[in-house]
Structure formats: structure tokens, C-alpha cells
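Written out below as C-alpha cells is the structure these notes cover.
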Amino acid sequence: MSTLIEKHTRLQLLAAPIKKVQMGVLIPLLLIGVLFWFIPSLRQTGLFTTFALSLLALGAAVREVIRLQVLKQRLAKDVYRKTVLKVARVSMIGSFIPILPLYVGTIFPQYAGISFTVFLVSIIVAYLIVSRLNKQAKQLDPAFVTMREIERYRK
55 MSTLIEKHTR
65 LQLLAAPIKK
75 VQMGVLIPLL
85 LIGVLFWFIP
95 SLRQTGLFTT
105 FALSLLALGA
115 AVREVIRLQV
125 LKQRLAKDVY
135 RKTVLKVARV
145 SMIGSFIPIL
155 PLYVGTIFPQ
165 YAGISFTVFL
175 VSIIVAYLIV
185 SRLNKQAKQL
195 DPAFVTMREI
205 ERYRK
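When the count follows the working numbering, it moves up by one through the sequence shown with no breaks and lands on 209 for the last residue.
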């Protein structure tokens with residue numbers, strides 16, 4: 055019962071700041087994306103997709119860094135170091151790794167099929183690693199709150 059109370063308390067403490075961070079990063083990214091959509095040279099060359107995905111990866115990394123700052127203030131240092139920090143590092147790396155094969159596929163069109171396959175596999179691997187780390191974090195700290203739970207939390 056105390057685990058459920060602590061988990062609910064963490065959700066209440068973390069949901070508002072994390073949702074502000076998400077909107078604070080997402081809205082400027084969308085505005086920049088819309089602006090660049092109207093630059094004809096980016097659309098005609100096909101660079102818009104590459105640029106947009108790079109921008110989204112950068113936004114994901116910024117969101118993770120800000121989320122780490124919020125969680126560092128609100129969680130015990132031991133729990134933070136063993137759980138949240140590991141998950142955030144893998145999430146940040148996982149958001150940038152798929153961009154590399156995408157650039158390779160753009161620069162070398164003959165390798166576009168292989169590049170796309172590596173792109174998909176890297177996304178799946180990052181998802182699996184984050185899921186495994188979240189399970190380990192739940193074992194270490196039963197009141198651990200994942201990003202999915204924070205995003206779904208309604209106050």
C-alpha cells in the first residue's frame with residue numbers, strides 16, 4: 055500500500071513539470087517545422103524529412119535533459135542514479151542513432167534500403183533496452199514512475 059501511495063505522490067509531483075517541458079519543447083519544434091515546410095528548396099531536394107527527423111531527435115534529447123533536471127531535484131540520489139539516469143542516457147542515444155543511417159541513405163542513395171533497415175532495427179533495439187531498464191528500475195524501486203505513466207497521468 056505504501057508503494058502505491060509513493061507512486062501516486064511521485065506522479066503528482068512529476069506530471070505538471072514534465073508536461074510543461076513536453077509542450078515547451080514540442081511547440082517550438084512544430085513551429086520551426088512548419089516554417090521550414092514553406093522553404094521550397096528543402097521540400098524539393100527531399101532534405102525536409104532528414105531535417106525534421108534531426109530536429110525531433112534533438113527535441114527528444116532536450117526533453118530528456120530537462121526531465122533529468124526535474125527528477126534530480128525530486129528523487130533520492132541513489133534511486134536517481136540507478137534508474138532514471140540509465141534510462142535517460144539510453145533514450146537520448148536511442149533518439150540519435152537512427153538519424154545516422156538516415157543521413158547515410160540520403161548521401162549514398164544506393165544504400166538507402168540497407169540504411170532504412172538499420173534505421174528500423176536501431177529504433178526497435180533502443181525501445182527494447184529502455185523497456186528492460188524500466189523493468190529493472192521497477193525491481194529496484196517499486197514506486198518507480200516511467201515516462202509513459204507520467205504522460206498518461208491525468209490530474
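All C-beta atoms, glycine included, are put in the ideal place defined by N, C-alpha and C.
* To do: With a cut-off of 8 Å on the beta carbons, I'd call Gly78 and Leu109 a contact; round off their distance for me.
  => Against the sequence shown, residue 78 aligns to sequence position 24. Against the sequence shown, residue 109 aligns to sequence position 55. Between Leu109 and Gly78 the Cβ distance is about 15 Å, and since that is not below 8 Å, they are no contact.
* To do: State the CB to CB distance for the pair Thr104 and Thr160, rounded to an integer number of angstroms; the pair is presumed to be in contact (CB under 8 Å).
  => Taking the sequence shown and counting its residues from 1, one reaches residue 104 at position 50. Taking the sequence shown and counting its residues from 1, one reaches residue 160 at position 106. That pair is a contact at about 5 Å.
* Bounding residues of the alpha helix (DSSP H) (the contiguous stretch that carries Arg208) -> Position 154 of the sequence shown, counted from the start, is the residue given in the question as residue 208. Here Arg208 belongs to no alpha helix (DSSP H), and DSSP marks it neither H nor E.
* Asked: Is DSSP giving Val184 helix, strand or coil here?
  -> Numbered from its first residue, the sequence shown carries residue 184 at position 130. The answer is helix: DSSP assigns Val184 an H, G or I state.
* On the three-state DSSP scale, how would you describe Pro196? -> As a working mapping, residue 196 is identified with position 142 in the sequence shown. Coil at Pro196, not helix or strand.
* For Ile120, the three-state DSSP class (helix, strand or coil) -> For the purposes of this step, residue 120 is identified with residue 66 of the sequence shown, where counting begins at 1. Ile120: helix per DSSP, three-state reduction.
* Asked: Counting along the chain, where does the alpha helix (DSSP H) carrying Pro163 start and finish?
  -> On the sequence shown, residue 163 is found 109 positions in, with the first residue counted as 1. That residue, Pro163, is in no alpha helix (DSSP H); it is neither H nor E in DSSP.
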